[in-house]
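Here is the structure we will look at.
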Ligand SMILES: CC(=O)N[C@H]1[C@@H](OP(=O)(O)OP(=O)(O)OC[C@H]2O[C@@H](n3ccc(=O)[nH]c3=O)[C@H](O)[C@@H]2O)O[C@H](CO)[C@@H](O)[C@@H]1O
Ligand SMILES: C=C(OP(=O)(O)O)C(=O)O
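In full-length UniProt numbering, the protein residues as written are 1 to 425.
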């Protein structure tokens with residue numbers, strides 16, 4: 001168990017280089033199982049979830065080599081399709097090995113996946129999609145998948161699940177005929193995965209829409225691909241810089257359209273930035289006001305499936321609102337327990353009303369004081385770190401390794417931008 005000790009009050013600013021998108025790279029690692037040729041991925045973030053996925057792949061016989069931010073994988077011959085229970089339970093994306101394994105190797109045994117404990121995380125849509133393509137699945141303490149050659153199917157998902165779309169899309173690349181996934185997720189990481197699969201020889205169209213069409217091919221081949229920047233990491237560092245009074249330059253922050261989606265919520269919270277192509281400049285903006293809706297109504301920031309505001313940015317935006325003049329309602333519609341961490345912010349002096357598990361009202365600005373905190377999940381942990389950086393005095397964040405699941409060397413990179421953070425074990 002690690003903890004961070006933070007002295008608040010330093011401004012965070014300078015040039016920040018984002019890493020590759022956690023939620024894009026994890027399914028991309030799984031996709032190496034679809035071919036016997038090497039897959040080379042660049043801009044791979046050095047985060048704990050990547051380490052666990054690489055251990056999972058190595059444990060079944062994939063050759064894995066990691067050099068700085070480039071990983072080379074080759075699944076030429078596997079020794080098993082049976083995965084370790086312990087490793088499966090460490091990451092949500094262990095379930096993403098099911099689609100590629102069953103499609104190319106005809107079997108998989110996967111144990112219940114881990115990931116953030118932020119509410120019920122159902123897998124029904126994964127099972128529905130893979131069964132539709134012809135896989136037989138039994139679920140008890142382990143999930144057992146078996147299949148002959150898969151056959152295409154027109155599917156309608158009952159929810160636009162990100163990982164289910166990725167899992168089923170990967171499997172369908174090798175299913176004979178034309179598959180459709182209607183009500184598919186279309187988050188930037190789902191799109192990035194689809195582009196990689198096409199670079200490997202898949203025939204996927206409708207990328208970026210909720211109707212993905214996959215024409216199955218006999219074989220995929222190797223590819224070399226660069227993962228898109230992590231817009232959740234970008235949003236988190238913007239929040240850290242703004243609440244501490246710094247200014248930030250972010251070269252290659254991401255696709256203009258992705259940044260535009262994020263900007264809608266950030267601008268409601270009074271944050272301004274300028275964009276030059278894929279680069280962002282976030283000026284110092286010491287006094288900010290929450291922008292009321294038309295007729296002076298309280299603005300509502302609610303998450304949802306893309307292009308709605310991403311759930312994974314909710315926690316850091318709540319901290320941002322505590323440091324901004326005005327009132328905002330945050331409505332977390334996707335997960336049942338992502339909001340509970342606000343207790344910690346209230347303990348630090350934030351003026352927040354928790355209406356129910358899904359909604360909080362934040363009234364800002366309030367000065368925060370240092371606290372003794374425990375991180376429940378990646379994003380709440382990052383939000384606490386940001387709150388601690390702008391609070392008066394010292395804060396301690398326990399369970400800090402949870403943040404390492406999704407943010408590379410977070411204390412070093414924030415410290416390089418001016419923060420005062422020490423990690424201890
Ligand atoms: C590894 C990975 O990529 N994890 C991300 C992925 O998780 P994951 O793929 O597990 O999340 P899902 O997209 O399946 O669902 C997220 C939540 O939203 C609910 N839901 C989803 C779709 C829908 O149409 N209606 C609905 O209510 C689900 O029931 C669930 O509670 O997507 C989540 C939502 O963007 C992100 O928070 C996670 O970081
Ligand atoms: C919820 C998250 O991740 P996971 O789905 O991997 O638990 C996240 O990245 O915020």
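Ideal placement from N, C-alpha and C gives every residue a C-beta, glycine not left out.
It should be emphasised that the depicted structure is a prediction, and the values quoted were computed from it without experimental measurement.
Task: Host alpha helix (DSSP H) of residue 22 (start-end) - done: Translated into positions along the chain shown, residue 22 becomes position 22. 22 to 30 is the extent of the alpha helix (DSSP H) around residue 22.
- Message: Is any non-hydrogen atom of ligand 3 found closer than 8 Å to the C-beta of residue 410, if you look at the structure I gave you?
- Response: Ligand 3 is absent from the structure shown, which contains only ligand 1 and ligand 2.
Inset, instruction - Could you tell me if the beta carbon of residue 305 falls within a distance shorter than 8 Å of some heavy atom in ligand 1? - result: If you number the chain shown from 1, residue 305 lands on position 305. Residue 305: yes, Cβ under 8 Å from ligand 1.
Subject >> Complete runs of the alpha helix (DSSP H) confined to the stretch 135 to 193 [at least 4 residues] >> reply: 162 to 172
| request: For the stretch 242 to 306, list the alpha helix (DSSP H) runs that are entirely contained and at least 4 residues long, ordered along the chain. | output: 256 to 268
So the candidates are 10, 3, 417; which of them puts its Cα closest to the Cα of residue 244?
Taking the chain shown and counting its residues from 1, the one referred to as residue 244 is at position 244. Nearest of 10, 3, 417 to residue 244, Cα basis: 10.
Is residue 92 near ligand 1, with its Cβ less than 8 Å from a heavy atom?
-> Reading the chain shown from its first residue, position 92 is the one you call residue 92. Yes, Cβ of residue 92 sits closer than 8 Å to a heavy atom of ligand 1.
Enumerate, from N- to C-terminal direction, the unbroken alpha helix (DSSP H) stretches of 4 or more residues contained entirely within the stretch 34 to 99. 48 to 59, 85 to 88
*asked:* Going by C-alpha to C-alpha distance, which of 140, 204, 139 sits closest to residue 168?
replied: As a working mapping, residue 168 is identified with position 168 in the chain shown. Of 140, 204, 139, the residue nearest in Cα terms is 204.
Requested in this report: Can you give me the start and stop residues for the alpha helix (DSSP H) that residue 411 sits inside?
Outcome: Taking the first residue of the chain shown as position 1, residue 411 is located at position 411. It spans 410 to 416 - the alpha helix (DSSP H) in which residue 411 sits, taken as one unbroken run.
Buried or exposed for residue 408, going by 16 or more other Cβ atoms inside 10 Å? Counted from its first residue, the chain shown places residue 408 at position 408. The residue in question, residue 408, is buried, as its Cβ has 16 or more Cβ neighbours within 10 Å.
**OP:** Using the Cα positions of residue 342 and residue 352, report the straight-line distance between them to the nearest angstrom.
**Re:** One-based indexing of the chain shown puts residue 342 at position 342. One-based indexing of the chain shown puts residue 352 at position 352. Rounded to whole angstroms, residue 342 to residue 352 spans 8 Å at the Cα level.
Next item on the list: Quick one: give me the first and last residue of the alpha helix (DSSP H) that residue 127 is part of.
Entry: One-based indexing of the chain shown puts residue 127 at position 127. Residue 127 -> alpha helix (DSSP H) spans 124 to 132.
- Item | 6 Å Cβ shell around residue 271 - same chain, five flanking residues per side excluded | Counted from its first residue, the chain shown places residue 271 at position 271. For residue 271, where only same-chain residues beyond five positions count, the Cβ hits under 6 Å are 242.
Review point. Would you call residue 267 buried or exposed, if buried means 16 or more other Cβ atoms sit within 10 Å of its Cβ?
Key: In the chain shown, counting from the first residue as 1, residue 267 sits at position 267. Counting Cβ neighbours within 10 Å, residue 267 comes out exposed, since fewer than 16 surround it.
Residue 382 and residue 227 look like a contact to me (Cβ under 8 Å); what is the Cβ gap, rounded to whole Å?
Within the chain shown, numbered from 1, the residue matching residue 382 stands at position 382. Within the chain shown, numbered from 1, the residue matching residue 227 stands at position 227. Actually they do not touch by this definition, with Cβ atoms about 20 Å apart.
Practice item. Could you say which of 320, 85, 92, 101 lies nearest to residue 77 if we only look at CA atoms? Key: Mapped onto the chain shown, residue 77 falls at position 77. Among 320, 85, 92, 101, the Cα nearest to that of residue 77 is on 101.
>> Let me check understanding here. Comparing Cα to Cα, which of 369, 375, 367, 366 lies closest to residue 405?
In response: Numbered from 1 along the chain shown, position 405 holds the residue referred to as residue 405. That would be 375, whose Cα lies nearest to the Cα of residue 405.
Q. In the structure shown, what three-state DSSP assignment does residue 359 receive?
A. Locating residue 359 in the chain shown gives position 359, counting from the first residue. Residue 359 falls in the strand class under three-state DSSP.
Review point. Can you list, in chain order, the stretches of the alpha helix (DSSP H) that have 4 or more residues and sit fully within the stretch 365 to 420?
Key: 378 to 390, 401 to 404, 410 to 416
Fill in: Whole-angstrom distance between residue 229 and residue 94, CA atom to CA atom
Locating residue 94 in the chain shown gives position 94, where the first residue counts as 1. Locating residue 229 in the chain shown gives position 229, where the first residue counts as 1. Computed Cα separation, rounded: 22 Å.
Q) For residue 224, which of helix, strand or coil comes out of DSSP? A) As a working note, residue 224 is residue 224 in the chain shown. Residue 224 falls in the strand class under three-state DSSP.
| said: For a test of your reading of the model: does the CB of residue 164 fall under 8 Å from any non-hydrogen atom of ligand 1? Yes or no. | reply: To locate residue 164, count along the chain shown from 1; it is residue 164. Yes, since a heavy atom of ligand 1 falls inside the 8 Å radius drawn around the Cβ of residue 164.
(Q) For a quick check, are the C-beta atoms of residue 33 and residue 97 less than 9 Å apart? (A) Residue 33 sits at position 33 when you count from the first residue of the chain shown. Residue 97 sits at position 97 when you count from the first residue of the chain shown. Going by C-beta atoms, residue 33 is nearer than 9 Å to residue 97.
**OP:** Could you say if the stretch 301 to 308 and the stretch 277 to 289 meet the contact criterion of at least three C-beta pairs nearer than 8 Å?
**Re:** no
As assigned by DSSP and simplified to three states, the class of residue 426: As shown, the chain starts at 1 and ends at 425. That puts residue 426 outside it, with no answer to give.
Q.
Residues in the same chain with beta-carbon distance under 6 Å from residue 90, minus the five sequence neighbours each way, listed in chain order, please.
A. In the chain shown, counting from the first residue as 1, residue 90 sits at position 90. Cβ within range, chain order: 52, 114.
* Collapsed DSSP secondary structure at residue 209 in the structure displayed -> Position 209 of the chain shown, counted from the start, is the residue given in the question as residue 209. Coil, per DSSP.
Margin query: Using 8 Å for Cβ pairs, my map puts residue 415 next to residue 3. What's the rounded Cβ distance?
Written below: If you number the chain shown from 1, residue 415 lands on position 415. If you number the chain shown from 1, residue 3 lands on position 3. Not confirmed; about 15 Å, so no contact.
- Item | Euclidean distance between Cα positions of residue 187 and residue 370 | Position 187 of the chain shown, counted from the first residue, corresponds to residue 187. Position 370 of the chain shown, counted from the first residue, corresponds to residue 370. Cα-Cα distance, rounded: 36 Å.
message: Tell me the residue span of the beta strand (DSSP E) that contains residue 433.
response: An answer regarding residue 433 cannot be provided, because it is not within the stretch 1 to 425 covered by the chain.
Between the stretch 324 to 337 and the stretch 211 to 228, can you find at least three pairs of beta-carbon atoms closer than 8 Å? no
Check your understanding: Mapping DSSP to helix, strand and coil, what is residue 19?
Key -> On the chain shown, residue 19 is found 19 positions in, with the first residue counted as 1. Here residue 19 sits in coil by DSSP.
### Query
Who are the Cβ neighbours of residue 363 in its own chain at under 7 Å, not counting the five residues just before and after it?
Along the chain shown, one-based indexing puts residue 363 at 363. Counting only Cβ-Cβ distances below 7 Å, and skipping sequence neighbours, we find 327, 351.
Counted within 10 angstroms of its Cβ, other Cβ atoms place residue 211 as buried (16 or more) or exposed: Taking the chain shown and counting its residues from 1, one reaches residue 211 at position 211. The residue in question, residue 211, is exposed, as its Cβ has fewer than 16 Cβ neighbours within 10 Å.
Point to revise | Between the CA atoms of residue 108 and residue 86 - distance to the nearest angstrom | key: The residue you call residue 86 lines up with position 86 of the chain shown. The residue you call residue 108 lines up with position 108 of the chain shown. One C-alpha to the other measures close to 16 Å.
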